[in-house]
Amino acid sequence: MAESKVFIFDTTLRDGEQVPGCKLNTTEKVELALELEALGVDIIEAGFPISSPGDFESVAQISKIIKNATVCGLSRAVQKDIETAADALKSAKRPRIHTGIGTSDFHIKAKFNATPEEILQRAVQAVKWARNFVDDVEFYAEDAGRTDNDYLARVVEAVIAAGATTVNIPDTTGYCLPNQYGDKIAWLVNNVPNIDKAVISCHCHNDLGLATANSIAGVMNGARQIECTINGLGERAGNTSLEEVVMVLKQHKHLGLYTDIKTQKLNPMSRLVADTMRTPVQVNKAIVGANAFSHSSGIHQDGFLKDSLTYEIINPEEVGAEGSKIVLTARSGRSALAHRFHKLGYQFTRNDIDILYQRFLQVADTKKEVNEEDLHQLAKAYSPQPVIAL
Ligand code: KIV
Ligand code: ZN
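Sequential numbering of the sequence shown, starting at 645, is according to the working numbering.
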């Protein structure tokens, strides 16, 4: 089976930057955009140009400097928004306007006080306005996750006929289950006659912790673009995490899907975004968390030390992480203790380790983690002249 590419649409600089406290200035946005391009993302959503003069400037500067990736600007289905986005993107080598409108009953009634037919007309009109400026137009059906599938299919067919080249199916509220989201994409593939004229995109939020699973369900059912952010940053509980979806596709080659992301850059990129946005990464975050390659319980450590594949499915080097760590806590075992002593240059027999292990546990029970200094103290107390390998 020929492999099929999944386009990576990074929205760290737009949806990610909407997180309170994560706001970036133009210099910071340009620096991150250059790194995102080096990481290999296909599309950089650089901002929402009408939202503020600062964001307009950021999109304009990014458009000037990015050589290979598509640069995208967000807009509502409003003429002035679209004109402003086009203006901000005018220097881009590959400009894309991302426009759209809410399509669920919640949005149609509560937000717009409109009818489904009126919303459909506004959607079509917005795409036509955008096509006056650029050939690459993405349409988002906001809250598609809670939109009736028949109506969604009509909207998607109409915006593709109007010139949309990508159709974004956001699970804006992170409500869908993976099978529901996957079925929604399959429904569009099977019920929109002109669907082959556009790329289907997944834009999933993480309110129930399902954003990555939903995006993967989307591409397994025919979508070929994933909208995601570094470290999963984004509105409320965040967006799909770029590093997670990329590594899911890399690990599960049988899906026949690949991305062009240079995975060794994932951890450095995560750190850069965390520092620039002043938002630390949770320690247990998949792929980029501080504990993603740490082993601390005796059972795991013993297996890992015999063969790393027993407890690690990813080689840390493959994602640019520092390396696997054997952390010593009161839950650690003898093999881990022997391993750490050995790494510090001590050569103890099995009998030595049996005795040292009891002393180690006494220290470990008083602390969160036993560090190198503690190990030196234990070794010194055990033997006045421990053998140290040179
Ligand atoms: O979550 C969402 O629906 C969005 C759209 C603006 C694409 O961010
Ligand atoms: Zn979003």
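In this text, a Cβ means the ideal position worked out from N, Cα and C, and glycines have one as well. In this text the structure is predicted, and so the values were computed from the model without any measurement.
In three-state DSSP terms, what is residue i?
i	result
N823	helix
R740	strand
T810	strand
D904	coil
H896	coil
F992	coil
S648	strand
L1034	Per-residue confidence for L1034 stands at a pLDDT of 47, beneath the threshold of 50, marking its modelled position as unreliable; the derived number appears in the next sentence. Here L1034 sits in coil by DSSP.
N875	helix
T954	helix
N964	The amino acid occupying residue 964 in the given sequence is Gly; Asn does not appear at that position. DSSP places G964 in coil when its eight states are reduced to three.
G660	helix
G746	strand
Starting from residue i, follow the beta strand (DSSP E) in both directions and report where the run begins and ends.
i	result
Y784	V781 to E786
A682	Looking at the DSSP string, A682 is not in any beta strand (DSSP E); the run it does join, the alpha helix (DSSP H), is T670 to L683.
E871	Q869 to C872
A690	I687 to G691
I726	Taken as a continuous stretch (DSSP letters only), I726 belongs to no beta strand (DSSP E), being part of the alpha helix (DSSP H) at Q723 to A732.
L1022	Run containing L1022: none in the beta strand (DSSP E); it sits in the alpha helix (DSSP H), E1016 to Y1026.
Counting along the chain, where does the alpha helix (DSSP H) carrying residue i start and finish?
i	result
I709	P697 to I709
P760	P760 to R775
D946	G942 to K950
I856	The question names Ile, yet the displayed sequence has Thr at residue 856. Where T856 is concerned, the enclosing alpha helix (DSSP H) stretches over A855 to M864.
T920	L910 to T920
L972	Per DSSP, L972 belongs to no alpha helix (DSSP H) and is neither H nor E.
CB-CB under 7 angstroms to residue i, same chain, minus the five flanking residues each way: which ones, in chain order?
i	result
E1017	none
L1019	R984, F985 and L988
Q945	H939, I970, S976, G977, S979 and A980
D1009	A974
L1034	The pLDDT assigned to L1034 is 47, lower than 50, so where the model puts this residue is not dependable; a value taken from the coordinates is nonetheless given after this. So no residue of the chain qualifies.
Nearest to residue i by CA position, among the options, is which residue?
i	options	result
G818	V768, G876, T809 and E689	G876
E672	S968, L916 and L1000	L916
A814	E962, K841, V781 and C872	The sequence given here places Pro at residue 814; Ala does not occur at that position. Nearest option by C-alpha distance: C872.
S593	A646, D659 and S648	A query on residue 593 cannot be resolved here, the shown segment of the chain reaching from 645 to 1034 and no further.
A1025	I741, I999 and K1011	I999
N812	D787, D779 and E956	D787
E879	N865, R798, V663 and L683	V663
N776	D731, V963, I763 and E962	D731
N1047	C820, E887 and V892	An answer regarding residue 1047 cannot be provided, because it is not within the stretch 645 to 1034 covered by the chain.
K737	G698, I752, E701 and D780	D780
A797	A774, N838 and V771	N838
L852	V650, A861 and G882	G882
Do we get a CB-CB distance below 8 angstroms when we pair residue i with the residues of chain C?
i	result
F1004	The structure shown contains no chain C; it holds only a single protein chain.
Does the ligand FMN have even one heavy atom less than 7 angstroms from the beta-carbon of residue i?
i	result
T873	The ligand content of the structure shown is limited to the ligand KIV and the ligand ZN, which means the ligand FMN is not among them.
Using C-beta distances below 8 angstroms, list every residue in its chain close to residue i, excluding the 5 sequence neighbours before and after it, in chain order.
i	result
A934	V925 and V927
I957	Q895
Going by beta carbon distance, what residues of the same chain come within less than 6 angstroms of residue i, once the five residues before and after it are set aside?
i	result
H742	C716, L718 and E782
N865	G826, I829 and A830
Stretch pair the region 895 to 904 + the region 918 to 935: three plus CB contacts closer than 8 angstroms: no
Across the region 703 to 715 and the region 743 to 760, are there enough close Cβ pairs to call them in contact, namely three or more that are closer than 8 angstroms? no
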